[in-house]
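Using the UniProt record's numbering, the first residue of the sequence shown is number 1, and each one after it goes up by one.
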Amino acid sequence: MESSRVDRWLWAVRITKTRPDAAAACRGGHVRVNNRPAKPATTVCPGDVVSAHIGDRSRIVEVLRVIQKRVGAPDAVTCYLDRTPPPPPSAAMPVAARDRGAGRPTKRERRVLDKWRAQQG
Numbered sequence: 001m002e003s004s005r006v007d008r009w010l011w012a013v014r015i016t017k018t019r020p021d022a023a024a025a026c027r028g029g030h031v032r033v034n035n036r037p038a039k040p041a042t043t044v045c046p047g048d049v050v051s052a053h054i055g056d057r058s059r060i061v062e063v064l065r066v067i068q069k070r071v072g073a074p075d076a077v078t079c080y081l082d083r084t085p086p087p088p089p090s091a092a093m094p095v096a097a098r099d100r101g102a103g104r105p106t107k108r109e110r111r112v113l114d115k116w117r118a119q120q121g
């Protein structure tokens, strides 16, 4: 059966930018293979589920094909099935905008702004 090191595979399918980044993520406990902590030398085979927390993103991917060398992005996408859940919808708070050059708010405008902010928070 074909297998590869997890740090090499993460780099080859372009989940991490460099192989040392992938190895550091493994050593830091940010990579799991089949819900088990993975060292850089942990092998991955087709069918394994790899979850990685790289930077500020968490990715959950299923290995479809094992590759040893880094390939182009269109080819790399065919090597895994992305099972990452969609991010929760952000509750973006509207920002009170003032016209440029309008100066400081008047006392009345400030009271309206304070009232609006109290309703939002």
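Even glycine gets a Cβ: it sits at the ideal position worked out from N, Cα and C.
Taking the straight line between their C-alpha atoms, what separation do you get for residue i and residue j?
i, j, result
"A38", "Y80", "18 Å"
"V112", "I54", "43 Å"
"V50", "A91", "30 Å"
"S3", "Q68", "9 Å"
"R19", "G72", "16 Å"
"T34", "E62", "Residue identity check: residue 34 is Asn in the sequence provided, not Thr. Their Cα atoms are separated by approximately 9 Å."
"A41", "A97", "53 Å"
"R5", "D56", "23 Å"
"Q120", "A76", "44 Å"
"E109", "G101", "15 Å"
"R32", "P74", "25 Å"
"T78", "K115", "53 Å"
Going by other Cβ atoms of all chains shown within 10 Å of its Cβ, with 16 needed for buried, is residue i buried or exposed?
i, result
"D99", "exposed"
"C45", "exposed"
"R117", "exposed"
"L64", "exposed"
"A12", "buried"
"A52", "buried"
Pull up the DSSP beta-bridge partners for residue i, would you.
i, result
"D82", "V61"
"V44", "S4"
"V77", "The partner list for V77 (beta bridge, DSSP) is empty, contrary to what the question assumes."
"V31", "A52"
"R36", "V33"
At what residues does the beta strand (DSSP E) containing residue i begin and finish?
i, result
"V13", "V13 -> no beta strand (DSSP E), and no H or E assigned at all."
Over what stretch of residues does the alpha helix (DSSP H) that includes residue i continue unbroken?
i, result
"R98", "Neither: R98 is in no alpha helix (DSSP H) and is coded neither H nor E."
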